[in-house]
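In the working numbering, the protein residues as written are 112 to 349. Note that CB positions come from ideal geometry on N, CA and C, so glycine has one too.
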Amino acid sequence: MLNKHFQFKQFSIQQNKTAMKVGTDGVLLGCWANINYNPFSILDIGAGTGLIALIMAQRSNAEIIDSIELNIEAFEQTVENFEQSDWGDRLFCYHASLQEFVEEIEDKYDLIISNPPFYTSTYKELSEERAMARHADSLPYSDLLKGTSNLLSENGTAAFIIPYSDEDTFISIARENKLFPYRITRVKGAINAPIKRSLFQFSFLENSIEMNELIIEIERHNYTSEYKNLVQDFYLKM
112 MLNKHFQFKQ FSIQQNKTAM KVGTDGVLLG CWANINYNPF SILDIGAGTG
162 LIALIMAQRS NAEIIDSIEL NIEAFEQTVE NFEQSDWGDR LFCYHASLQE
212 FVEEIEDKYD LIISNPPFYT STYKELSEER AMARHADSLP YSDLLKGTSN
262 LLSENGTAAF IIPYSDEDTF ISIARENKLF PYRITRVKGA INAPIKRSLF
312 QFSFLENSIE MNELIIEIER HNYTSEYKNL VQDFYLKM
């Protein structure tokens with residue numbers, strides 16, 4: 112896909128300015144997050160291209176869908192993608208870090224969602240911008256979860272996708288911030304592949320956890336019915 116735009120069924124993502132391109136993680140999270148309780152307000156932390164916020168706009172009737180993005184090029188790209196969508200009146204992006212946003216904003220959100228930065232083995236091979244976007248030093252889990260706890264409404268929920276290897280650490284830090292998982296889906300690329308990602312949804316209530324597994328492909332480009340059902344409203348070829 113390189114720098115070309117990425118076309119979804121109901122919106123398009125321009126991605127020539129930002130280091131982080133459209134990827135499976137963001138689509139998975141946006142499609143997987145439970146919004147059956149009809150959140151009035153949604154916050155996407157780390158907009159990138161605005162992908163997750165746009166998925167939320169298509170999926171929900173939320174009247175407020177805010178995003179925050181620290182990188183200026185990504186911020187500009189997100190604003191452009193918001194303005195070109197059918198939901199521009201509900202979408203807004205702040206150019207700020209999460210830490211700055213928490214200090215300045217008194218509003219609470221009914222859903223907070225984030226595909227946070229994390230370290231990858233290819234870190235040294237990436238451009239500086241992409242490396243920053245993908246390295247947890249730019250937004251440590253402790254800051255992410257503390258900020259989420261401060262910004263989440265009493266009955267709200269928060270959804271994230273992280274590397275499976277970070278699962279125990281992430282849950283532990285979340286508990287320190289009074290956030291408890293009630294949904295966990297572990298994601299594998301193929302049937303015999305190792306677990307790669309963990310999808311979480313948290314709330315302030317400590318309840319039993321609904322746990323399951325999602326396999327993306329049976330074989331190359333042959334997707335499982337579970338994955339197709341999850342993303343079919345967005346990908347053109349599903």
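Proximity to residue i [Cα-Cα], best of the options
| i | options | result |
| --- | --- | --- |
| N184 | A168, A130, I272 | The residue you asked about is not Asn; residue 184 is Glu in the sequence shown. Nearest of A168, A130, I272 to E184, Cα basis: A130. |
| L140 | M322, Y334, V298, N318 | V298 |
| C204 | W143, D155, P227 | D155 |
| K307 | D218, I273, W143, F186 | I273 |
Within 8 Å, strictly: CB atoms of residue i and residue j
| i | j | result |
| --- | --- | --- |
| I320 | I295 | yes |
| I153 | I176 | yes |
| E265 | F315 | yes |
| G199 | S178 | no |
| L373 | I223 | Since the first residue of the chain shown is 112 and the last is 349, residue 373 is not available in this structure. |
| S253 | K289 | no |
| S196 | F122 | yes |
| A173 | P150 | yes |
| D344 | K120 | yes |
| N226 | G137 | yes |
| F351 | T280 | There is no way to answer for residue 351, as the model of the chain reaches only from 112 to 349. |
Three-state secondary structure (DSSP) of residue i
| i | result |
| --- | --- |
| G161 | coil |
| S208 | coil |
| K289 | coil |
| I124 | strand |
| Y220 | strand |
| S260 | helix |
| I272 | strand |
| R170 | helix |
| I284 | helix |
| K339 | helix |
Exposed unless 16 or more other CB atoms sit within 10 angstroms - verdict on residue i
| i | result |
| --- | --- |
| S232 | Confidence at S232 is low in this model, with a pLDDT of 36, below 50, so the placement of that residue should be treated as unreliable; the coordinate-derived value is given next. Exposed, by the Cβ-count rule. |
| Y148 | exposed |
| Q188 | buried |
| D221 | buried |
| F182 | Contrary to the premise, residue 182 reads as Asn rather than Phe in this sequence. Answer is buried; the Cβ neighbour count reaches 16. |
| I166 | buried |
| K257 | buried |
| L341 | buried |
| A304 | exposed |
| S309 | buried |
| R201 | buried |
| Q126 | buried |
Beta-bridge pairing of residue i - partner residues as DSSP gives them
| i | result |
| --- | --- |
| N333 | E330 |
| E180 | H206 |
| N323 | T296 |
| L255 | Per DSSP, none; premise fails for L255. |
Any non-hydrogen atom of the ligand NAD closer than 7 Å to residue i Cβ
| i | result |
| --- | --- |
| A185 | With respect to the ligand NAD, the structure offers nothing, as it holds no ligand at all. |
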